[in-house]
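Participant: Before anything else, here's the structure in question.
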Amino acid sequence: MPCDLDSLKRELQKLCCDAQESSQQLKRVADLPEAKARFLGRKGAFGPVMRLLGQLSPEERPAAGELINSAKSKVDGCFCEAKMRLEQAALEAKLQEGRVDVTMPGRRLLPGGMHPVQRVLDEVTDLLGELGFELVSGPEVETEHYNFDLLNMPADHPARDMQDTFFVEGGLVLRTQTSPMQVRTMEKRQPPVRVMAPGKVFRCDFDATHSPTFHQLEGLWIDRDVTMADLKGILTYFLRRLFGEDREVRFRPSFFPFTEPSVEVDVRNDAGNWMEVLGAGMVHPQVLRNVGYDPEQVQGFAFGMGIDRLAMVRYRITDIRALFENDQRFLRQF
Ligand code: PHE
1 MPCDLDSLKR ELQKLCCDAQ ESSQQLKRVA DLPEAKARFL GRKGAFGPVM RLLGQLSPEE
61 RPAAGELINS AKSKVDGCFC EAKMRLEQAA LEAKLQEGRV DVTMPGRRLL PGGMHPVQRV
121 LDEVTDLLGE LGFELVSGPE VETEHYNFDL LNMPADHPAR DMQDTFFVEG GLVLRTQTSP
181 MQVRTMEKRQ PPVRVMAPGK VFRCDFDATH SPTFHQLEGL WIDRDVTMAD LKGILTYFLR
241 RLFGEDREVR FRPSFFPFTE PSVEVDVRND AGNWMEVLGA GMVHPQVLRN VGYDPEQVQG
301 FAFGMGIDRL AMVRYRITDI RALFENDQRF LRQF
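The opening position of the sequence shown corresponds to residue 1 in this note's numbering, with each subsequent residue numbered one higher.
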């Protein structure tokens, strides 16, 4: 190695040129540290140059030191510049890639809506509320005792088969009807009683007019001198308010173990077919005795209406399953 200032200068110039070239050729930020270390690192190209210092005369050393330092900062500057250039390029590439196409149509927000079953239920409870029925509620997982026994359906009663029950272990069932709320309410209150109990009910049943989960609303009115005429009057008034004055309604004799006499009530739908929407009757004296009421003193009527059936008549829906499939195309119509 030569050891005078001039040759040192030339050596440094060459280093600077090499560094410039090397930094300009860099393509990725990730390669930068290694390239830079080749010059400025511990084993970099400046190492041998520093060693040259020792061979210079003491007078020359300060000037040489200065030369080396300024060369070093030049080289450092080259790599700083390269770093900025590469980072800028990377940013631009990223922006390019994630570019938003402002001409693309936006994603449509679907407005929420009230489910048809909830709409009808709200109407029904408003109407019955006007008639003085108070809202109560009870458990969906019910004891067999409340769901059947206290409603005059002992274990061996054939009517227990009418309702294909989902059994839960330990004497529990998914309630097959809202009627246990009659008993639960009467146990807690003294007459006069006038309540409505809407809720989900469950039966092992599945076709166009039966869903395994559906909605009922139980009504109960107990007082002195409540008669079958009241039952008929109230329910007729109610159905006409709900469906309009000219809607055809019919009462058919029927049987329920917990009412006597019993009726079923049909409404004619827009297709001209009769559709059963509720069961009702005078509360059976045995049920009254079961809750400690005296059937000689008080009587009354109960009814259980199918809210989903009412919604089907109201909105001309022919398949009950449509109500529970959550198909947006169906629901959007309401
Ligand atoms: N619980 C009966 C059913 O589910 C309906 C009903 C309620 C009948 C109240 C009479 C009185 O079918």
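All C-beta atoms, glycine included, are put in the ideal place defined by N, C-alpha and C.
Which one of Tyr146, Leu151 and Arg252 has the shortest CA to CA distance from Gly171?
Facilitator: Considering only alpha carbons, the answer is Tyr146.
Participant: Below 7 Å, is the gap between the Cβ of Ser262 and the nearest heavy atom of the ligand PHE?
Facilitator: Answer for Ser262: yes, Cβ within range of the ligand PHE.
Participant: Nearest to Arg268 by alpha carbon, out of Val283, Phe256, His284 and Gly244?
Facilitator: For the residues Val283, Phe256, His284 and Gly244, the minimum Cα distance to Arg268 belongs to Gly244.
Participant: Quick one: using the 10 Å Cβ neighbour count with 16 as the cut-off for buried, is Ser70 buried or exposed?
Facilitator: Looking at its Cβ environment, which holds fewer than 16 other Cβ atoms inside 10 Å, Ser70 is exposed.
Participant: Please state the DSSP three-state secondary structure of Val298.
Facilitator: Reduced to three states, the DSSP call for Val298 is coil.
Participant: With a CB to CB cut of under 8 Å and the five nearest residues on each side skipped, what residues in its chain are close to Pro261?
Facilitator: Excluding residues within five positions, the ones whose Cβ falls inside 8 Å are Met228, Pro253, Gly281 and Met282.
Participant: With a 10 Å radius around its C-beta and 16 neighbouring C-beta atoms as the bar for buried, classify Thr318 as buried or exposed.
Facilitator: Under this definition Thr318 is an exposed residue.
Participant: Going by DSSP, what residues sit across from Ala341 in a beta bridge?
Facilitator: Residue 341 is absent from the structure shown; the chain starts at 1 and stops at 334.
Participant: Would you mind giving the Cβ-Cβ distance between Val195 and Phe238, rounded to the nearest angstrom? I have them listed as a contact below 8 Å.
Facilitator: That belief does not hold up - the Cβ atoms of Val195 and Phe238 are roughly 15 Å apart, past 8 Å.
Participant: Roughly how many angstroms lie between the CA atoms of Ala155 and His210, to the nearest whole one?
Facilitator: One C-alpha to the other measures close to 25 Å.
Participant: To the nearest angstrom, report how far apart Gln177 and Leu109 are at their CA atoms.
Facilitator: Computed Cα separation, rounded: 38 Å.
Participant: Expressed to the nearest angstrom, what Euclidean distance is found between the alpha-carbon atoms of Met1 and Ala64?
Facilitator: With a pLDDT of only 48 at Met1, under 50, the local geometry of the prediction cannot be trusted, and the value read off the model is given with reservation. Going from the Cα of Met1 to the Cα of Ala64 covers about 15 Å.
Participant: Please tell me whether Val298 and Val183 are closer than 8 Å, where the distance is taken between their beta carbons.
Facilitator: In this structure, Val183 does not lie closer than 8 Å to Val298 by Cβ.
Participant: Quick check: His284 and Phe255, are their CB atoms within less than 8 Å of each other?
Facilitator: No, the Cβ-Cβ distance between His284 and Phe255 is not below 8 Å.
Participant: Taking only heavy atoms of the ligand PHE into account, decide whether any of them is closer than 7 Å to the Cβ of Ser346.
Facilitator: Because the chain in this structure spans residues 1 to 334, residue 346 falls outside the shown range and cannot be described.
Participant: Can you round the beta-carbon distance between Asp205 and Pro198 to whole angstroms, since I take them to be within the 8 Å contact cut?
Facilitator: The Cβ separation is near 20 Å, so there is no contact.
Participant: For the stretch 16 to 97, which segments carrying the alpha helix (DSSP H) assignment without a break, of at least 4 residues, lie completely within its bounds, in sequence order?
Facilitator: Counting whole runs of 4 or more residues, the stretch 16 to 97 contains the alpha helix (DSSP H) stretches 32 to 40, 46 to 53 and 60 to 97.
Participant: Please confirm whether any heavy atom of the ligand PHE lies closer than 7 Å to the CB of Glu218.
Facilitator: The answer is yes for Glu218.
Participant: Buried or exposed for Arg240, going by 16 or more other Cβ atoms inside 10 Å?
Facilitator: Exposed, by the Cβ-count rule.
Participant: I think Val117 touches Ala311, with their Cβ atoms under 8 Å apart; what is that distance to the nearest whole Å?
Facilitator: 5 Å between Cβ atoms; contact.
Participant: Under 8 Å between the Cβ atoms of Leu26 and Ala93?
Facilitator: No, Cβ-Cβ distance for Leu26 and Ala93 is not below 8 Å.
Participant: For Ala229, does the three-state DSSP call read helix, strand or coil?
Facilitator: Note: Ala229 maps to helix in three-state DSSP.
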